[in-house]
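Heads up, the thing below is written out as structure tokens.
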Amino acid sequence: MRSAGAGPTADDRRRWHHPCFVPTVTHLRTPLYPLVSSTTALAHPDFPTTLLAYHLLTSRQLDELAIHYHQVWPPAPATSYYPVVIPPWVGTENEKNVDIETKRRRFGRFIGLQRCETPAEEQESYSWGMEQETETELLELIDQEWNES
Numbered sequence: 001m002r003s004a005g006a007g008p009t010a011d012d013r014r015r016w017h018h019p020c021f022v023p024t025v026t027h028l029r030t031p032l033y034p035l036v037s038s039t040t041a042l043a044h045p046d047f048p049t050t051l052l053a054y055h056l057l058t059s060r061q062l063d064e065l066a067i068h069y070h071q072v073w074p075p076a077p078a079t080s081y082y083p084v085v086i087p088p089w090v091g092t093e094n095e096k097n098v099d100i101e102t103k104r105r106r107f108g109r110f111i112g113l114q115r116c117e118t119p120a121e122e123q124e125s126y127s128w129g130m131e132q133e134t135e136t137e138l139l140e141l142i143d144q145e146w147n148e149s
């Protein structure tokens with residue numbers, strides 16, 4: 001028999017959960033529907049099937065997913081076949097310095113998750129880099145065509 005002054009039993013403690021526990025678990029169980037490759041029509045085997053699985057993706061898995069869905073540098077023809085194109089990290093000079101949070105956020109935006117927007121300063125530096133690279137490539141192409149004619 002329990003005395004009146006005794007604290008909660010082990011059974012009582014197991015039944016009590018933080019008020020955010022159930023809503024959080026419910027949220028993390030939200031299913032995600034796989035995106036298919038624009039060239040193979042296959043989903044990547046590591047594509048997360050729930051929000052929890054998305055949050056547990058490793059850096060290597062995120063790299064492989066970016067490659068599978070053609071979100072790489074330099075852009076492949078299939079890169080633009082998707083509704084959203086994200087700033088690539090695979091194939092860039094800065095690839096080793098991109099942290100997992102950035103990779104996860106970019107991939108989340110790619111698959112349509114909310115609140116995964118690119119911060120303004122990153123977006124500006126990325127678009128500037130793309131314009132500079134594109135301009136350089138165009139000038140080289142014009143120069144090459146000029147020399148060939």
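One point on numbering: in full-length UniProt numbering, the residue at position 99 of the sequence shown is 99, and numbering is uninterrupted.
The beta carbon of each residue, even a glycine, is placed where N, CA and C say it ideally should be.
query, result
"Which residues mark the beginning and the end of the alpha helix (DSSP H) in which residue 61 is found?", "59 to 68"
"Kindly list the residues whose CB is nearer than 6 angstroms to the CB of residue 70, restricted to its own chain and excluding five residues on each side of it in sequence; keep chain order.", "76, 78, 79"
"Less than 7 angstroms separating the Cβ of residue 96 from some heavy atom of the ligand NAD?", "For the structure depicted, the ligand NAD is absent and the ligand set is empty, with no information on it obtainable."
"Please report the distance separating the alpha-carbon of residue 51 from that of residue 43.", "17 angstroms"
"Less than 7 angstroms between C-beta atoms, sequence neighbours within five positions excluded: which residues of the same chain meet that for residue 48?", "32, 54, 57"
"Between 83, 72, 92, 100, which lies nearest to residue 59 when the distance is taken from Cα to Cα?", "100"
"Between which two residues does the alpha helix (DSSP H) carrying residue 53 extend?", "51 to 55"
"Taking its Cβ as the centre, do 16 or more other Cβ atoms sit within 10 Å of residue 22, making it buried, or is it exposed?", "exposed"
"Report yes if the CB atom of residue 103 is closer than 8 angstroms to the CB atom of residue 62, and no otherwise.", "yes"
"Residues bridged to residue 90 by DSSP?", "72"
"Put residue 41 into one of helix, strand or coil per three-state DSSP.", "coil"
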